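Residue numbers (my numbering): 62 to 255.
By construction, the Cβ of each residue, glycine as well, lies at the ideal position given by its N, Cα and C atoms.
Keep in mind that this is a model prediction, so the values were computed, not measured.
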């Protein structure tokens, strides 16, 4: 049985694209075992179980961007979260990362275990975790073109959407096209011309 670990947490911006990919994968490959990694303080604690997927928690590593006493604790928290990720990745066939606090330690653990990594970056400016992960894999996708760095050569795949959002988008798109045709017809313009 294939086992895939999804890492991405903290905000819905990391979690929702991960859930969209996991749902689609499960639809095509129903026998795959999927596990999400998260931290105890992120939205994944509600969103992942509500979507019907299993969630395992690792220690959240906050690295202050300013000189502070928390910088003394960060290396120990990082080692702990890497060790936790390493344990949870045992037997995994693939790690798919979407960024956020949970992804960095998971990328390092997957690299140590020699588990293939796929990255998706949803932001126009890649975050620290995905820039780190890009050092360990050439398999990456982005929602927006990235000008420089390791993710600049990534596949431009767009943003994976929940089925309800995708359906609403396509419905609005067809409504817009119909309204445009009708407005052109009322105004006497050709429907075939822009």
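Problem set entry | Cβ-based neighbour list, residue 125, same chain, cut-off 6 Å, excluding 5 preceding and 5 following | 131, 132
Exercise. Rounded to the nearest angstrom, how far is the Cβ of residue 99 from that of residue 105, given a contact under 8 Å?
Worked result: Beta-carbon to beta-carbon, residue 99 and residue 105 are separated by about 4 Å, close enough to satisfy the 8 Å threshold.
For this session: Scan the region 87-159 and note each continuous alpha helix (DSSP H) run of 4 residues or more that stays entirely inside, going in chain order.
Result: 105-111, 131-149
Exercise. Would you call the CB atoms of residue 72 and residue 155 closer than 9 Å?
Worked result: no
For this session: Kindly indicate which three-state DSSP category residue 167 falls into: helix, strand or coil?
Result: helix
Exercise. Quick one: what does DSSP say residue 75 is sitting in, helix, strand or coil?
Worked result: helix
For this session: Determine the closest residue to residue 146 out of 176, 127, 135, 129, with distance taken between C-alpha atoms.
Result: 176
For this session: Return the bridge partner residues of residue 178 from the DSSP annotation.
Result: 156
Exercise. Does the Cβ of residue 108 have 16 or more other Cβ atoms within 10 Å, making it buried, or fewer, making it exposed?
Worked result: Flag for residue 108 reads buried.
Exercise. Does the distance from the C-beta atom of residue 157 to that of residue 66 stay below 9 Å?
Worked result: yes
Problem set entry | N-terminal and C-terminal residue of the beta strand (DSSP E) that residue 68 is part of | 64-68
Problem set entry | Bounding residues of the beta strand (DSSP E) (the contiguous stretch that carries residue 202) | 201-203
Exercise. Between residue 212 and residue 190, is the Cβ-Cβ spacing less than 9 Å?
Worked result: No, Cβ-Cβ distance for residue 212 and residue 190 is not below 9 Å.
Exercise. Going by the beta-carbon positions, is the gap between residue 167 and residue 150 smaller than 9 Å?
Worked result: yes
Problem set entry | Coarse secondary structure for residue 80, derived from DSSP in three states | Looking at residue 80 - three-state DSSP - the assignment turns out to be helix.
For this session: Alpha carbon to alpha carbon, how far is residue 127 from residue 179? Give it in angstroms, no decimals.
Result: 31 Å
Problem set entry | Beta-carbon spacing of residue 210, residue 183 below 9 Å | no
Exercise. Beta-carbon separation of residue 69 and residue 164 under 9 Å?
Worked result: yes
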